[in-house]
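In the working numbering, the protein residues as written are 142 to 332. Even glycine gets a Cβ: it sits at the ideal position worked out from N, Cα and C. None of the values given here were measured: they were computed from a predicted structure. Here the structure comes first, spelled out in C-alpha coordinates, and everything after it is commentary.
Have a look at this one:
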(Lines of atoms letter the chains of each structure in order from A and count residues from 1; the text may use other names and numbers.)
(Lines give C-alpha, C1' and ligand atoms only; values in the text may rest on other atoms or scores of the structure.)
Protein backbone atom coordinates (compact mmCIF):
# COMPACT_ATOMS: atom_id res chain seq x y z
CA UNK A 1 0.00 0.00 0.00
CA UNK A 2 2.95 2.28 0.28
CA UNK A 3 2.28 3.12 3.92
CA UNK A 4 4.40 2.21 6.88
CA UNK A 5 2.46 -0.13 9.15
CA UNK A 6 0.27 1.82 11.53
CA UNK A 7 0.63 5.04 9.57
CA UNK A 8 -2.51 6.98 8.78
CA UNK A 9 -4.11 6.12 5.47
CA UNK A 10 -3.04 8.56 2.77
CA UNK A 11 -5.76 10.75 1.26
CA UNK A 12 -5.22 9.37 -2.26
CA UNK A 13 -5.63 5.82 -0.96
CA UNK A 14 -8.71 6.82 1.01
CA UNK A 15 -10.27 8.31 -2.12
CA UNK A 16 -9.48 5.17 -4.12
CA UNK A 17 -10.93 2.86 -1.45
CA UNK A 18 -14.05 5.01 -1.17
CA UNK A 19 -14.44 4.68 -4.95
CA UNK A 20 -13.99 0.88 -4.84
CA UNK A 21 -16.24 0.21 -1.82
CA UNK A 22 -19.40 1.48 -0.16
CA UNK A 23 -17.60 2.30 3.10
CA UNK A 24 -17.53 5.87 4.40
CA UNK A 25 -14.25 7.69 5.09
CA UNK A 26 -14.71 7.13 8.82
CA UNK A 27 -15.40 3.41 8.34
CA UNK A 28 -12.37 3.01 6.08
CA UNK A 29 -10.15 4.77 8.62
CA UNK A 30 -11.53 2.59 11.44
CA UNK A 31 -11.00 -0.62 9.45
CA UNK A 32 -7.49 0.57 8.55
CA UNK A 33 -6.66 1.23 12.20
CA UNK A 34 -7.99 -2.19 13.27
CA UNK A 35 -6.26 -3.98 10.38
CA UNK A 36 -2.88 -2.49 11.25
CA UNK A 37 -3.38 -3.18 14.94
CA UNK A 38 -3.91 -6.87 14.14
CA UNK A 39 -1.43 -6.93 11.24
CA UNK A 40 1.44 -4.61 12.15
CA UNK A 41 3.39 -5.70 9.05
CA UNK A 42 0.60 -4.30 6.89
CA UNK A 43 -0.29 -7.71 5.44
CA UNK A 44 -2.44 -10.58 6.63
CA UNK A 45 -0.81 -13.98 6.15
CA UNK A 46 -2.60 -17.27 5.56
CA UNK A 47 -1.62 -18.48 9.03
CA UNK A 48 -3.01 -15.32 10.64
CA UNK A 49 -6.19 -15.69 8.60
CA UNK A 50 -6.59 -19.29 9.79
CA UNK A 51 -6.16 -18.18 13.41
CA UNK A 52 -8.92 -15.60 12.99
CA UNK A 53 -11.27 -18.21 11.50
CA UNK A 54 -10.43 -20.64 14.32
CA UNK A 55 -11.68 -18.07 16.86
CA UNK A 56 -15.10 -18.00 15.20
CA UNK A 57 -15.38 -21.73 14.49
CA UNK A 58 -13.83 -23.29 17.56
CA UNK A 59 -16.00 -26.43 17.50
CA UNK A 60 -14.51 -27.72 14.24
CA UNK A 61 -11.45 -27.44 12.01
CA UNK A 62 -11.75 -24.23 10.00
CA UNK A 63 -8.23 -24.26 8.56
CA UNK A 64 -9.07 -25.70 5.13
CA UNK A 65 -12.08 -23.45 4.60
CA UNK A 66 -10.01 -20.46 5.77
CA UNK A 67 -7.44 -21.35 3.08
CA UNK A 68 -10.15 -21.23 0.41
CA UNK A 69 -11.49 -17.88 1.65
CA UNK A 70 -7.93 -16.53 1.96
CA UNK A 71 -7.37 -17.37 -1.70
CA UNK A 72 -10.42 -15.24 -2.63
CA UNK A 73 -9.35 -12.32 -0.43
CA UNK A 74 -5.81 -12.44 -1.87
CA UNK A 75 -6.89 -10.70 -5.06
CA UNK A 76 -3.43 -10.40 -6.62
CA UNK A 77 -2.34 -13.92 -5.61
CA UNK A 78 0.85 -12.87 -3.83
CA UNK A 79 0.21 -15.03 -0.76
CA UNK A 80 -0.81 -12.22 1.57
CA UNK A 81 -3.78 -9.92 2.01
CA UNK A 82 -3.15 -6.20 1.96
CA UNK A 83 -5.54 -3.74 3.57
CA UNK A 84 -6.89 -2.83 0.13
CA UNK A 85 -7.62 -6.48 -0.72
CA UNK A 86 -9.16 -7.02 2.70
CA UNK A 87 -11.49 -4.02 2.44
CA UNK A 88 -12.59 -4.76 -1.13
CA UNK A 89 -13.37 -8.39 -0.29
CA UNK A 90 -15.10 -7.42 2.95
CA UNK A 91 -17.18 -4.89 1.04
CA UNK A 92 -18.28 -7.57 -1.45
CA UNK A 93 -19.12 -10.20 1.16
CA UNK A 94 -20.78 -7.84 3.65
CA UNK A 95 -22.31 -5.11 1.51
CA UNK A 96 -22.30 -6.35 -2.04
CA UNK A 97 -25.42 -6.89 -4.09
CA UNK A 98 -26.82 -10.40 -4.29
CA UNK A 99 -25.22 -10.79 -7.73
CA UNK A 100 -21.82 -9.63 -6.42
CA UNK A 101 -22.01 -12.05 -3.48
CA UNK A 102 -23.03 -14.92 -5.74
CA UNK A 103 -20.20 -14.15 -8.15
CA UNK A 104 -17.75 -14.05 -5.23
CA UNK A 105 -19.07 -17.39 -3.98
CA UNK A 106 -18.90 -18.92 -7.47
CA UNK A 107 -15.24 -17.96 -7.72
CA UNK A 108 -14.63 -19.43 -4.26
CA UNK A 109 -15.88 -22.81 -5.51
CA UNK A 110 -14.24 -22.50 -8.96
CA UNK A 111 -10.79 -23.07 -7.53
CA UNK A 112 -8.98 -23.52 -10.85
CA UNK A 113 -10.65 -20.48 -12.45
CA UNK A 114 -11.88 -22.27 -15.58
CA UNK A 115 -15.40 -20.83 -15.32
CA UNK A 116 -16.98 -24.05 -14.07
CA UNK A 117 -17.32 -25.80 -10.74
CA UNK A 118 -16.40 -29.45 -11.00
CA UNK A 119 -17.74 -32.06 -8.61
CA UNK A 120 -14.26 -32.27 -7.02
CA UNK A 121 -14.13 -28.50 -6.53
CA UNK A 122 -17.60 -28.49 -4.97
CA UNK A 123 -16.71 -31.41 -2.73
CA UNK A 124 -13.51 -29.71 -1.53
CA UNK A 125 -15.42 -26.62 -0.34
CA UNK A 126 -18.41 -28.53 1.07
CA UNK A 127 -16.08 -30.90 2.92
CA UNK A 128 -14.15 -27.93 4.34
CA UNK A 129 -17.43 -26.39 5.53
CA UNK A 130 -18.53 -29.65 7.16
CA UNK A 131 -15.18 -29.92 8.97
CA UNK A 132 -15.46 -26.31 10.07
CA UNK A 133 -18.95 -26.54 11.56
CA UNK A 134 -18.21 -29.89 13.17
CA UNK A 135 -21.21 -31.56 14.75
CA UNK A 136 -22.85 -28.29 15.81
CA UNK A 137 -25.56 -28.51 13.14
CA UNK A 138 -27.70 -31.57 12.51
CA UNK A 139 -28.01 -32.04 8.75
CA UNK A 140 -30.86 -33.83 6.95
CA UNK A 141 -30.06 -37.41 5.95
CA UNK A 142 -29.57 -36.51 2.27
CA UNK A 143 -26.93 -33.94 3.36
CA UNK A 144 -25.40 -35.86 6.28
CA UNK A 145 -21.98 -36.08 4.61
CA UNK A 146 -20.06 -33.75 2.33
CA UNK A 147 -20.37 -36.31 -0.48
CA UNK A 148 -24.16 -36.54 -0.11
CA UNK A 149 -24.46 -32.75 -0.02
CA UNK A 150 -22.27 -32.41 -3.13
CA UNK A 151 -24.37 -35.00 -4.97
CA UNK A 152 -27.58 -33.20 -3.97
CA UNK A 153 -26.21 -29.87 -5.20
CA UNK A 154 -25.29 -31.39 -8.57
CA UNK A 155 -28.68 -33.09 -8.91
CA UNK A 156 -30.37 -29.76 -8.21
CA UNK A 157 -28.10 -27.26 -9.99
CA UNK A 158 -26.59 -29.13 -12.97
CA UNK A 159 -29.47 -28.50 -15.38
CA UNK A 160 -27.62 -29.70 -18.49
CA UNK A 161 -26.22 -32.77 -16.67
CA UNK A 162 -22.67 -32.25 -17.95
CA UNK A 163 -21.04 -32.94 -14.58
CA UNK A 164 -19.98 -29.34 -13.97
CA UNK A 165 -21.72 -26.17 -12.90
CA UNK A 166 -21.54 -23.04 -15.00
CA UNK A 167 -21.82 -19.66 -13.30
CA UNK A 168 -25.44 -19.42 -14.49
CA UNK A 169 -26.36 -22.86 -13.14
CA UNK A 170 -24.73 -22.06 -9.80
CA UNK A 171 -26.45 -18.69 -9.49
CA UNK A 172 -29.87 -20.02 -10.58
CA UNK A 173 -29.54 -22.81 -8.02
CA UNK A 174 -28.53 -20.48 -5.21
CA UNK A 175 -31.26 -17.96 -6.00
CA UNK A 176 -33.84 -20.75 -6.17
CA UNK A 177 -32.85 -21.96 -2.70
CA UNK A 178 -32.74 -18.38 -1.38
CA UNK A 179 -36.25 -17.67 -2.66
CA UNK A 180 -37.53 -21.02 -1.42
CA UNK A 181 -36.20 -20.29 2.08
CA UNK A 182 -37.73 -16.80 2.03
CA UNK A 183 -41.09 -18.19 0.88
CA UNK A 184 -41.02 -20.84 3.60
CA UNK A 185 -40.35 -18.19 6.25
CA UNK A 186 -43.14 -16.04 4.87
CA UNK A 187 -45.61 -18.94 4.88
CA UNK A 188 -44.64 -20.00 8.38
CA UNK A 189 -44.59 -16.42 9.71
CA UNK A 190 -40.87 -16.28 10.50
CA UNK A 191 -40.12 -13.06 8.63
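Check your understanding: From residue 284 to residue 175, what does the alpha carbon distance come to, in whole angstroms?
Key -> If you number the chain shown from 1, residue 284 lands on position 143. If you number the chain shown from 1, residue 175 lands on position 34. Distance between residue 284 and residue 175, taken at the CA atoms: about 38 Å.
**Study point:** Inter-residue spacing [alpha-carbon to alpha-carbon] between residue 298 and residue 151
**Key:** Numbered from its first residue, the chain shown carries residue 298 at position 157. Numbered from its first residue, the chain shown carries residue 151 at position 10. Approximately 46 Å between the Cα atoms of the pair.
Review point. Is residue 163 near residue 228, with beta carbons less than 8 Å apart?
Key: As a working note, residue 163 is residue 22 in the chain shown. As a working note, residue 228 is residue 87 in the chain shown. Residue 163 is not a Cβ neighbour of residue 228, given a cutoff of 8 Å.
**Study point:** Proximal residues to residue 274 (C-beta, below 6 Å), its chain only, five neighbours per side dropped
**Key:** Taking the chain shown and counting its residues from 1, one reaches residue 274 at position 133. For residue 274, where only same-chain residues beyond five positions count, the Cβ hits under 6 Å are 201.
**Study point:** Same chain only: Cβ atoms within 6 Å of residue 186, ignoring 5 sequence neighbours per side
**Key:** For this step, residue 186 is matched to residue 45 along the chain shown. Only 221 meet the Cβ criterion.
**Study point:** Residues bridged to residue 257 (per DSSP)
**Key:** Reading the chain shown from its first residue, position 116 is the one you call residue 257. Residue 257 is bridged to 307.
Exercise for review: Rank 184, 231 and 206 by C-alpha distance to the C-alpha of residue 168 and give the top, closest one.
Suggested key: Taking the first residue of the chain shown as position 1, residue 168 is located at position 27. Considering only alpha carbons, the answer is 231.
Check your understanding: Is residue 184 helix, strand or coil when you go by DSSP?
Key -> Walking along the chain shown from the start, residue 184 turns up at place 43. Strand.
Point to revise | Own chain residues within Cβ distance below 7 Å of residue 234, not counting five before or after | key: Against the chain shown, residue 234 aligns to sequence position 93. If we look at residue 234 and ignore the five residues flanking it on each side, its Cβ neighbours are 242 and 245.
Practice item. Within 10 angstroms of the Cβ of residue 290, are there 16 or more other Cβ atoms? Answer buried if so, exposed if not. Key: Translated into the one-based positions of the chain shown, residue 290 becomes position 149. Here residue 290 is buried: its Cβ has 16 or more other Cβ atoms, across all protein chains shown, within 10 Å.
Practice item. Keeping to the same chain, check which residues put their C-beta closer than 7 Å to that of residue 310; ignore five residues upstream and five downstream. Key: Residue 310 sits at position 169 when you count from the first residue of the chain shown. 298, 299 and 300, listed in sequence order.
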